[in-house]
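Just so we're aligned, residue 1 is where the sequence shown starts under UniProt numbering, counting upward by one.
Below: the structure, in structure tokens.
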Amino acid sequence: MLDNDNDLESLGPLKVLRVQGDPDAPTVVLFHGYGASAFDLFPIHEVLVTDQKFNWVFPHGHLSIPLMPGYSGRAWFPIDMAALEEAIRNNDFRNFADKDPEGMDVARQAAYLMLDALGVPWNQLILGGFSQGAMLATDLTLRNEEIAKGLMILSGALVNESLWKELAPKKSNLRFFQSHGEFDPILGYANAKKLEKLLRNSGLLGEFIAFNGGHEIPAPVVQGISRYLNSLS
1 MLDNDNDLES LGPLKVLRVQ GDPDAPTVVL FHGYGASAFD LFPIHEVLVT
51 DQKFNWVFPH GHLSIPLMPG YSGRAWFPID MAALEEAIRN NDFRNFADKD
101 PEGMDVARQA AYLMLDALGV PWNQLILGGF SQGAMLATDL TLRNEEIAKG
151 LMILSGALVN ESLWKELAPK KSNLRFFQSH GEFDPILGYA NAKKLEKLLR
201 NSGLLGEFIA FNGGHEIPAP VVQGISRYLN SLS
């Protein structure tokens, strides 16, 4: 099990964990959530049941986030934790749909440079992520002129709605996978369904897995990811 920064390698401006698979297989790039790291999502590739041996890239957030004395995590863009805690107390879940979250532009630029350094054609790239990593993956996929092979949105959210609504129809050949907990206290379920509707109304096909849970990746979602990746291979 990898568990320290010595296992990371540089790819453009970012550090990443990489798993080499079949050279002819697609590459999955999976962005972690707020306060996590490249190591958090890394184990998922070990439990998936896929026909092909995919190549994997787990980027490490460029921002360092203090979690508690002596401990820190990584992030793609900052979150106002006081505002988030108040929103949870008031059952008023965060909604980014009217604009880009602050700092998303910096994360997007770093991620594109990392993907350029990776050198995999977009038609062989499957982008995905969890939480704010899912927002970033969706944004990268919709903004890029070339169409990715796939998109996995794990407990993500709709951001910059007007722009995504404009861009999504240009990706109507893309098949996506989306999952969300019905009782997610961080990123509300209704917002996730709104994102699904935007994608479907734009002509994209995909699978949405709703589960009885919160902000997490439970076993049914892992099984769904396996099915999805097999459908793309």
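Positions of the beta carbon are idealized from the N, C-alpha and C atoms, including for glycine.
Predicted model, so just to flag it, every value in this text is computed and none were measured.
DSSP three-state call for Ala157: helix, strand or coil? Within the sequence shown, residue 157 is the residue found at index 157, counting from 1. Three-state result, Ala157: coil.
In terms of residue numbering, what span does the alpha helix (DSSP H) encompassing Gln20 cover? The count along the sequence shown starts at 1 and reaches residue 20 at position 20. Run containing Gln20: none; DSSP gives neither H nor E here.
Report the rounded CA-to-CA distance for Ser64 versus Ser37, giving the unit in angstroms. By one-based count along the sequence shown, residue 64 stands at place 64. By one-based count along the sequence shown, residue 37 stands at place 37. Rounded to the nearest angstrom, the two C-alpha atoms are 10 Å apart.
Taking DSSP as the reference, what is the three-state secondary structure of Gly203? Within the sequence shown, residue 203 is the residue found at index 203, counting from 1. Looking at Gly203 - three-state DSSP - the assignment turns out to be coil, as it is neither helix nor strand.
In terms of residues, what are the limits of the beta strand (DSSP E) holding Leu67? In the sequence shown, the residue the question calls residue 67 occupies position 67. Residues 63–68.
Going by beta carbon distance, what residues of the same chain come within less than 7 Å of Asp7, once the five residues before and after it are set aside? As a working note, residue 7 is residue 7 in the sequence shown. Same-chain partners within the cutoff: Leu17.
With a threshold of 7 Å on Cβ separation, who are the neighbours of Leu127 within its own chain once the five nearest residues in sequence on each side are excluded? Here residue 127 is taken as the residue at index 127 of the sequence shown, counted from 1. Val29, Ala137, Leu140, Thr141, Ala148, Leu151.
Quick one: grab the DSSP three-state call for Pro220. Here residue 220 corresponds to residue number 220 of the sequence shown, with the count starting at 1. It is helical.
If you follow the alpha helix (DSSP H) that Val47 is part of, which residue opens it and which one closes it? Counting from 1 along the sequence shown, the entry for residue 47 is found at position 47. Unbroken alpha helix (DSSP H) run through Val47: 44–47.
Please identify the residue among Glu145, Gly188, Pro59, Phe211 whose C-alpha is closest to the C-alpha of Asn173. One-based indexing of the sequence shown puts residue 173 at position 173. Nearest option by C-alpha distance: Glu145.
Can you tell me the Cβ-Cβ gap for Asn55 and Gly12, rounded? I've got them flagged as a contact below 8 Å. Translated into the one-based positions of the sequence shown, residue 55 becomes position 55. Translated into the one-based positions of the sequence shown, residue 12 becomes position 12. About 17 Å; that fails the 8 Å criterion.
Do you know whose CA, among Pro169, Gly206, Phe130, lies nearest Arg143's CA? If you number the sequence shown from 1, residue 143 lands on position 143. Measuring from the Cα of Arg143, the nearest candidate turns out to be Pro169.
Backbone secondary structure at Gln52 - three-state DSSP: For the purposes of this step, residue 52 is taken as the residue at position 52 of the sequence shown. Coil.
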